[in-house]
Amino acid sequence: MIQSMTGYGKAVVECDDKKITIEIRSLNSKTLDLNTRLPFLYKEKELEIRKILSEKLQRGKVDFSIQTEVNSVSKAQQINPDIIKAYINEFKEIVPDASDSELLSIVMRLPDVMAFSSKELDEDEWNKVVKLMDEAVQNLNEFRVSEGKVLEQEFIQRIGIIQDLLVQVVPFEKERIQTLKERFTKNLEELAAEYDQNRFEQELIYYLEKLDITEEKVRLKNHCDYFIETLKTNDSEGKKLGFICQEIGREINTLGSKSNHSEMQKIVVQMKDELEKVKEQVLNIL
233 MIQSMTGYGK
243 AVVECDDKKI
253 TIEIRSLNSK
263 TLDLNTRLPF
273 LYKEKELEIR
283 KILSEKLQRG
293 KVDFSIQTEV
303 NSVSKAQQIN
313 PDIIKAYINE
323 FKEIVPDASD
333 SELLSIVMRL
343 PDVMAFSSKE
353 LDEDEWNKVV
363 KLMDEAVQNL
373 NEFRVSEGKV
383 LEQEFIQRIG
393 IIQDLLVQVV
403 PFEKERIQTL
413 KERFTKNLEE
423 LAAEYDQNRF
433 EQELIYYLEK
443 LDITEEKVRL
453 KNHCDYFIET
463 LKTNDSEGKK
473 LGFICQEIGR
483 EINTLGSKSN
493 HSEMQKIVVQ
503 MKDELEKVKE
513 QVLNIL
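Below is the structure:
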C-alpha cells in the first residue's frame, strides 16, 4: 500500500491550565527534513521530539509544531508584559505608523507572550505530549494513506495506457518490415545495377535484426507489470517505483530509436508523456 509524502495530522489535549495542540505537515523530500516550532517550555525536549519523529516518519519535509493556549482562569496572571512590549517595539521599528492596538492583536498570537508559572516541564504534561505526538503522527499517516490510494489509481491508469500503446505498436511493426524491404528494392532498381538476390536477403535480414524490438517490448511489458505488483505490496516503495520508472523509460527510448516509422514514433511520444506524469507523482511517494 503506497503512501503519499504529502499529509497533515493534528491532535489536541486539555491539561490542567492549558490546551496543547500538535500539528504535523509534510511534503515530498528525498530524506527526512524535520523543522520544529516549539514553545519555550518544550525547548529542552527538542532532541527527544526529533528522535521520536525520526523513528515514526521515514521521509518527507516535515513541519512539526506545538502550540499552547492557557485557559481563562489562568490567562490574566500569565501574561508576559515584557515580551509583549519587546514585540511591539520591534514591530514599530518596521511599521512606525501602526497603532498599539493593531500591533497588540498580532503580538498576542506570537510565541512566549504568556509566561507560565512553572519554569520546568511537568512530567505528567510531557507524557501527555508524547501520547499526543503519537496521535498526530497516526492522523498524518492516515492522511498519507488516503492520498496514496488516489495516486495508486492514477498510476494504474497511466501504466495501463502505456501497456495499451505497446499493443498498438504491433501492426506498424509488421508494416515497417515490408515498407523497408520495398524501399531497399526500389533503391537498388533505380541504381540499375546487378546484385545478388541471396546476398540482398541476407543483408536485409541483418538490418531488420538491428531494428527488431521484440526484446524491448517484452522488457517494457515486464517492467510495467512489476510496477503494478510493487504498488500492491504492504510497504510504500517510492524509491523502488522510481527505479522501475527509469527502466520503463529506457525501454521506451530504445523503442523510439529503433522504430523507423512515423506512426510508431507518435506512439512512443505518447508513452513518454504518460511516463513523465507517473514520474512526477512517484516523487511524492513515501
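For the sequence shown, the residue numbers in this note's numbering are 233 to 518.
We put the beta carbon where it would ideally sit given N, CA and C, even for glycine.
Fair warning: this is a prediction, and the values are worked out from it, not measured in the lab.
Would you report the Cα separation of residue i and residue j, rounded to the nearest angstrom?
{"i": "Gln309", "j": "Ile254", "result": "The predicted model places Gln309 with a pLDDT of 49, which falls under 50 and marks its position as unreliable, so this point remains unresolved."}
{"i": "Leu289", "j": "Gln497", "result": "43 Å"}
{"i": "Glu367", "j": "Val402", "result": "53 Å"}
{"i": "Ile499", "j": "Lys418", "result": "28 Å"}
{"i": "Ile409", "j": "Asp505", "result": "27 Å"}
{"i": "Ile394", "j": "Arg482", "result": "14 Å"}
{"i": "Thr300", "j": "Glu379", "result": "29 Å"}
{"i": "Lys464", "j": "Glu287", "result": "24 Å"}
{"i": "Ser494", "j": "Cys477", "result": "25 Å"}
{"i": "Leu487", "j": "Phe387", "result": "22 Å"}
On the criterion of 16 or more Cβ atoms from any shown chain inside 10 Å, does residue i qualify as buried, or is it exposed?
{"i": "Ser236", "result": "buried"}
{"i": "Gly392", "result": "exposed"}
{"i": "Ser491", "result": "buried"}
{"i": "Arg415", "result": "exposed"}
{"i": "Ile468", "result": "Sequence check: residue 468 is Ser here, not Ile. It counts as buried."}
{"i": "Lys250", "result": "buried"}
{"i": "Ile524", "result": "There is no way to answer for residue 524, as the model of the chain reaches only from 233 to 518."}
{"i": "Ile311", "result": "exposed"}
{"i": "Glu448", "result": "buried"}
{"i": "Met340", "result": "exposed"}
Could you please give the first and the last residue of the uninterrupted beta strand (DSSP E) stretch that includes residue i?
{"i": "Asp265", "result": "Leu264 to Arg269"}
{"i": "Val244", "result": "Gly239 to Glu246"}
{"i": "Asp295", "result": "Gly292 to Val302"}
For the alpha helix (DSSP H) containing residue i, list its first residue and its last residue.
{"i": "Ala318", "result": "Pro313 to Ile326"}
{"i": "Val339", "result": "Asp332 to Val339"}
{"i": "Glu352", "result": "Careful: Glu352 lies outside any alpha helix (DSSP H) and carries neither H nor E."}
{"i": "Ile284", "result": "Glu278 to Lys288"}
*Decide if the stretch 240 to 258 is in contact with the stretch 315 to 328; the criterion is three or more beta carbon pairs, one per stretch, under 8 Å apart.*
The stretch 240 to 258 vs the stretch 315 to 328: no contact.
*Fully enclosed by the stretch 364 to 425, which alpha helix (DSSP H) runs are 4 residues long or longer?*
The DSSP assignment places no complete alpha helix (DSSP H) segment of no fewer than 4 residues inside the stretch 364 to 425.
_Touch test, the stretch 268 to 284 against the stretch 350 to 362, Cβ-Cβ under 8 Å, three pairs minimum_ = The stretch 268 to 284 is in contact with the stretch 350 to 362.
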